[in-house]
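In the working numbering, the protein residues as written are 1272 to 1491.
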């Protein structure tokens, strides 16, 4: 991958810039129920996708070091919307996009259909989308519903990277095995980044690495 940083000094510099960036101004912008409500595509976007119970809100809050940021937009009735967050102020640097959770078995078929149309249209038509981060629960690994989303991203030719969540909930040896299996799966997908990041919102594990990965994707 051309964006991979090998030089240690440059890597340290990028990590420090990422730390400062996520310590700076970050604010909820809007919820978009349909494409016509999306903000003007003026800056790069990084999207977050994952099953409904994967810990997406917790990870977004840990990433931005703000306890209630993601939950300011995630309220009943908004679950099928794209939630936008501005990172940086004067200038705005990029935006985080919290995509609706998928894999809700009890959701009505028309809701699932609406989700698929919204996400498909967003992925295919958003030129400023730099990368999608697909969140996978470390305790469960990749499920068929996740593979459907990976294939959707492959088809849309959207660059994505898998992020394991709740890594503190399993033993280190189990995590190592899950990460290896997940990276093996990622190598089968043309649009996937080959390296997987393991994170824990509660313990802060992998958060600095994820911040750096986001900034690298924004600048790629």
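We treat Cβ as the ideally placed atom computed from N, Cα and C, and that holds for glycine.
Among 1302, 1281, 1287, 1329, nearest to residue 1436 - alpha-carbon criterion
1329
Look at the alpha carbon of residue 1382 and the alpha carbon of residue 1425, and state the distance between them as a whole number of angstroms.
23 Å
Run through the DSSP bridge pairs and tell me what residue 1463 is partnered with.
1431
Taking residue 1399 and residue 1317 to be in contact with their CB atoms under 8 Å, please state how far apart those CB atoms are, rounded to whole angstroms.
About 10 Å; that fails the 8 Å criterion.
Where does residue 1483 fall in DSSP's three states?
helix
Using a Cβ-Cβ cut-off of 6 Å (strictly less than) and excluding sequence neighbours within five positions of residue 1325, which residues of its own chain qualify?
1406, 1408, 1436
Chain-order list of residues whose beta-carbon lies under 8 Å from that of residue 1465 (same chain, five-residue window excluded):
1272, 1454, 1457, 1458
In terms of residue numbering, what span does the beta strand (DSSP E) encompassing residue 1355 cover?
1353 to 1358
Should residue 1477 go down as buried or exposed, given a rule of 16 or more other Cβ atoms within 10 Å for buried?
Counting Cβ neighbours within 10 Å, residue 1477 comes out buried, since at least 16 surround it.
Going straight from the alpha carbon of residue 1313 to that of residue 1365, what length do you get?
9 Å
Residues near residue 1470 in its chain [Cβ-Cβ closer than 7 Å; skip 5 each side]:
Correct list, in chain order: 1330, 1434, 1435, 1436, 1438, 1476, 1477, 1478, 1481.
Candidates 1488, 1296, 1427, 1447: closest to residue 1362 by CA position
1296
Do residue 1422 and residue 1285 have their CB atoms nearer than 8 Å?
no
Option in 1356, 1287, 1352, 1351 with minimal Cα separation from residue 1339
Ranked by how close their Cα comes to the Cα of residue 1339, the residues 1356, 1287, 1352, 1351 have 1356 in first place.
Taking 6 Å as the limit between beta carbons, can you name the residues of its chain near residue 1392, skipping five residues before and five after?
Contacts found: 1306.
Going by the DSSP bridge assignment, what does residue 1403 pair with across the sheet?
1318, 1431
For residue 1490, collect the residues of the same chain with a Cβ closer than 6 Å to its Cβ; drop the 5 residues on either side in sequence, then sort them by chain order.
Result list for residue 1490: empty, nothing under 6 Å.
So what's residue 1278 in DSSP terms, helix, strand or just coil?
coil
Could you tell me which residues DSSP puts in a beta bridge with residue 1397?
Looking at the DSSP assignment, residue 1397 forms no beta bridge with any residue, so it has no partner.
What is the residue span of the beta strand (DSSP E) that residue 1325 lies within?
Where residue 1325 is concerned, there is no enclosing beta strand (DSSP E), given that its DSSP letter is neither H nor E.
Start-to-end residues for the alpha helix (DSSP H) that takes in residue 1455
Membership of residue 1455 in the alpha helix (DSSP H) is indicated by the continuous run 1443 to 1457.
What do you reckon, are the CB atoms on residue 1396 and residue 1323 nearer than 8 Å?
Taking a C-beta distance under 8 Å as the contact criterion, residue 1396 and residue 1323 do not qualify as a contact pair.
Starting from residue 1302, follow the beta strand (DSSP E) in both directions and report where the run begins and ends.
1297 to 1303
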